[in-house]
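Undergrad: Quick note, the sequence shown lines up with residues 0 to 723 if you use numbering that gives the first Met the number 0.
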Amino acid sequence: MTWRQAFGEVVRSGLRIEETRLEPLLALRAAAGLAIVVGAALWLASPAYAASAALGAYSAGGATFQRSWRPRKVVALGTGAALALSTFVGYLAAGRLVTFLPLLAVWAFAAGMAWAVGTTAGIVAATTVGSMLVTITLPTSAGRALEHAGIIALGGVIQAVLILLFPIRRWGAHRDALADALAAVADYARRLRHDPTAPFDPEPLMTARDAAAVTPSQARTRPPSLHGPRGLAERVRPVIAALADPAVGAPAEGPGRDRARELLDAAADVLDAAARSIRHGTPAEVRPETLDALRVDDEHEVLEGPARQAAERLVELLGEALEIAGSGCPPGTTPTPRGPADTEFLVRPTMLRLVPVVVRAVRRELRPDSPVFRHAVRLAAVATLGYLIAARLPLGHGYWAPLASVMVMRPDFHRTYARAVARLAGTVAGVALATGVVRALDPDPYVSGALTVVAAGLSYTLNRTGYAYTQCFTAAYVVFLLGMGGQAWEQTVPERVVLTLLGGALAMLAYVLFPAWETPRLPGRLADWLAANGRYAAAVLRDYAEPSREHHADMRRALLGSREAHAAWQEAYDRARREPVRPRGLTSREAEEAQDALKGFGRAAMLMESHVPRADGRFVPEAERFAEALETDTAKAAAALREHRNPDWGRVREALHAWPDAAGDGSPVVRREAELQKRALEDLATAVSRTPLERDVGSAREDQRVRATLAAAGDGAQPAHPGG
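What follows is the structure in structure tokens.
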């Protein structure tokens, strides 16, 4: 992708309205918390204290809208405490540049490294940098600084108390994550009716697993409906895939295929009903014809062999889903997942025990090639440079420049640039709107405080519709807040626009000078995914060779590792497609073909998993040899991909050739699935293998293809992304 294309995509993305579910009740509660602390501070203290209180309450309320599986009140308290600490520490060093700039650089670097922990931690940490920049201008002494810090923390406490007193959809995010997982499998079943090899995005299942991890105290209060259905979704997915696949399931045409489509449609209906029941906590109706379709008649059933086994297993699993859908999940009626890999609950560390987890996560990212580390370096450099430049300009409120930089910067190119564009557009619109209101009303501090609360409430309400629209009312909120503190609008409007433009420009320039492109890392990400898929496939085969509880648990762990590697590849691939960088190591066509091949390889392993025997089932000794060959060859091929060498599947071919296609030992279906795996690996080798001449002309061919795509677009429509 060229820079011109990248900027066009950035502008479209930055100004895009996201279609998502608004949460007006949450916004109303957060705005009420802000109103309480601002009103109390104006009545009991002064506008300066009200400004500090507003900062703490507004930021704490905004943090609760971030995706986090911890209780919202904990997030609000943590945000308020972090803001208070940054405010007080910043004031202690604010007397001279020689002390404040090093502190700002270190604090900004630490905030950048917080992205190693997660998105919510990174955003909250960036907010603390903004707090340090803004509130050091308010106090006049260390004692006053401590008072302001306490008031900021009080804003977080007020938000937490409101969350405790007025809970809205308790466990709502967890319910949505679990319901989304069931709905995703339902959608997968419908797509399999028309495309037996349709792909499946495992992200909803991964999100549901993240949501299922709870602390011991949360486990005691978690609704029973959130205990078992995640495992149900995990078990249904490979069964419906095996039923639909013509190679190992229902025949491609005829009555068997019609029966498979009928069962898949019934599965989708039942899973959707279970998803509705979990999301709303009420019983959901299932159509009578769906129940009729789930009856497997021994005399008239047209499915045979492995397809019949898959159908019977599917009906058994959907029986559990019917209990969920019909009961509304009251206590004691939700089926619990079976299997040795499942535990009572997935453990999430408490806040105190989270410290070593954070330390390990940050330590893993302390390396020069880490995107998080490079983001932290950029953040520290831009914050200090922006502060220095703004301090030398003949403008007040110089902190707006570094504040704009800190709030828009993200570890990847596309989001940084999109947020910079969105922040500038939203700031201009918000400042213009607020200026018109101020000129028309000429408000006193109390009216300005009310306008501040209204603007904050609108910002909360539009929090999930796009950054530009949220930023519009955030800018208006700042103008009203400064007006409450006695700043005239004539002083704030031009300064904020110019300094926001400066901060956004610095953030964008920093990524150009010190980037962290994903495009050169694609071969490594692909290699990681291949190795993880190889371990997963080998673990499934070993469960065939010697069915046992230990091997089943190994298979489960390998599956989770494969999903994580797949998600890492997908994230890197999506970022690389938007980067203005010439492909290196993998062209876009090679990356796409390799991705399809590895999806096919993982799908073959999933089909094999659907027929895994029970612990006392029949042994398939040939599977062990094939598992060893598969794991060895995929590990070596992963190393070859990192070194830009062609992969080789010699051991896999030999092991498959030595595996007889016998009809009486129960392994023909397993062997057919092993053939699917070998075919997928050969497709991968075809996608990434190149002769020396092709390596020389690969980039030229890629450039030629990009030009052809742009010429075909012609009308200015968005072209296919060649990057990656």
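Glycine is no exception: its CB is placed at the ideal position from the N, C-alpha and C atoms. A quick note: this is a predicted structure, and the numbers were derived from the prediction, not measured.
CA-CA distance, R337 and R143?
TA: Residue confidence for R337 is low, a pLDDT of 45 falling below 50, so the modelled location carries little weight; the figure read from the coordinates is stated next. Using only the alpha carbons, I get a separation of about 59 Å.
Undergrad: Return the chain-ordered ranges of every alpha helix (DSSP H) run that is complete within the region 31 to 100 and spans a minimum of 4 residues.
TA: Here the runs fully enclosed are 46 to 62 and 71 to 91.
Undergrad: Beta carbon of E261, beta carbon of A240: below 7 Å?
TA: Cβ atoms of E261 and A240: not closer than 7 Å.
Undergrad: Tell me, to the nearest whole angstrom, how far the beta carbon of A124 is from that of A115; I am working on the premise that it is less than 8 Å.
TA: That belief does not hold up - the Cβ atoms of A124 and A115 are roughly 11 Å apart, past 8 Å.
Undergrad: In whole angstroms, what separates the C-alpha of P228 from that of T196?
TA: Distance between the alpha carbons of P228 and T196 is about 25 Å.
Undergrad: Cutting at 8 Å between CB atoms, please list the residues of its own chain near T415, excluding the five before and the five after it.
TA: Only V407, M408, R409, A506, M507 and Y510 meet the Cβ criterion.
Undergrad: If you pair each beta-carbon of the region 565 to 575 with each one of the region 540 to 548, do three or more pairs fall below 8 Å?
TA: The region 565 to 575 is not in contact with the region 540 to 548.
Undergrad: Between which two residues does the alpha helix (DSSP H) harbouring L521 extend?
TA: Segment L521 to A544, the alpha helix (DSSP H) holding L521.
Undergrad: Can you round the beta-carbon distance between L498 and L394 to whole angstroms, since I take them to be within the 8 Å contact cut?
TA: The Cβ separation is near 7 Å, so the contact holds.
Undergrad: Hey, how far is the Cα of P131 from the Cα of A567?
TA: Note that residue 131 is Met in the sequence shown, not Pro. Using only the alpha carbons, I get a separation of about 34 Å.
Undergrad: Mind checking W106: buried by the 16 CB within 10 Å criterion, or exposed?
TA: It counts as buried.
Undergrad: Closer than 6 Å by C-beta to A596: which residues in its own chain qualify, once you throw out the five before and the five after it? Chain order, please.
TA: So the qualifying residues of the chain are A679, D682, L683 and A686.
Undergrad: Between G79 and A152, which are expected to be in contact by the criterion C-beta below 8 Å, what is the C-beta distance as a whole number of angstroms?
TA: Sure, about 5 Å apart at Cβ, within 8 Å.
Undergrad: Restricting to Cα atoms, I'd like to know which of A266, T281 and P287 is closest to E319.
TA: The shortest C-alpha separation from E319 is found at A266.
Undergrad: Quick one: using the 10 Å Cβ neighbour count with 16 as the cut-off for buried, is A657 buried or exposed?
TA: Flag for A657 reads exposed.
Undergrad: Kindly indicate which three-state DSSP category L345 falls into: helix, strand or coil?
TA: Strand.
Undergrad: Roughly how many angstroms separate the alpha carbons of N532 and F513, rounded to a whole number?
TA: For N532 and F513, the distance between alpha carbons rounds to 33 Å.
Undergrad: Count the other CB atoms within 10 Å of the CB of G32; is the residue buried (16 or more) or exposed (fewer)?
TA: Flag for G32 reads buried.
Undergrad: Thinking C-alpha only, which one of G248, G171, R174 and D200 is nearest A185?
TA: Closest by alpha carbon: D200.
Undergrad: Can you tell me which residues form a DSSP beta bridge with V213?
TA: The partner list for V213 (beta bridge, DSSP) reads V346.
Undergrad: Are the CB atoms of A454 and R479 within a distance shorter than 7 Å?
TA: What sits at residue 479 in the sequence shown is Phe, not Arg. Cβ atoms of F479 and A454: closer than 7 Å.
Undergrad: For the alpha helix (DSSP H) holding M406, just list the boundary residues, first then last.
TA: Start and end: W399 to V407.
Undergrad: Have a look at S447 and R71 and give me their C-alpha separation to the nearest angstrom.
TA: Roughly 29 Å between the two C-alpha positions.
Undergrad: According to DSSP, simplified to helix, strand and coil, what is W658?
TA: Residue state, collapsed to three classes: coil.
Undergrad: Check each candidate in A310, R286 and S276 and name the one with the smallest Cα separation from R236.
TA: Nearest of A310, R286 and S276 to R236, Cα basis: A310.
Undergrad: Thinking C-beta only, is P522 closer than 7 Å to L585?
TA: Closer than 7 Å, so yes.
Undergrad: Kindly indicate which three-state DSSP category T518 falls into: helix, strand or coil?
TA: Three-state DSSP puts T518 in a helix.
Undergrad: Could you give the distance in angstroms between the alpha-carbon of D527 and the alpha-carbon of A178?
TA: Each residue's Cα considered, the two are about 30 Å apart.
Undergrad: Do the region 145 to 163 and the region 416 to 431 make contact, defined as three or more Cβ pairs closer than 8 Å?
TA: Not touching, per the Cβ criterion.
Undergrad: Whose C-alpha, out of L25, A83, L14 and A5, is nearest the C-alpha of L457?
TA: Looking at the Cα atoms, L25 is the closest of the given residues.
Undergrad: In terms of residues, what are the limits of the alpha helix (DSSP H) holding W2?
TA: Note, W2: alpha helix (DSSP H), W2 to G13.
Undergrad: Evaluate D296 with the Cβ neighbour count: other Cβ atoms within 10 Å of its Cβ, from every protein chain shown; 16 or more gives buried, anything less gives exposed.
TA: Exposed, since its Cβ has fewer than 16 Cβ neighbours within 10 Å.
Undergrad: For L161 and R28, which I take to be in contact (beta-carbon distance under 8 Å), what is that distance rounded to the nearest angstrom?
TA: The Cβ separation is near 5 Å, so the contact holds.
Undergrad: Output the distance between the C-alpha atoms of M607 and V539, rounded to the nearest integer angstrom.
TA: So the alpha carbons of these two residues sit roughly 7 Å apart.
Undergrad: Quick check on this structure: which residue in A56, W648 and R581 has the alpha carbon closest to the alpha carbon of A636?
TA: Of A56, W648 and R581, the residue nearest in Cα terms is W648.
Undergrad: Here's a check: name, in chain order, each residue in its chain whose Cβ is nearer than 6 Å to the Cβ of G255, leaving out the five neighbours to either side.
TA: So the qualifying residues of the chain are A249, V301 and L302.
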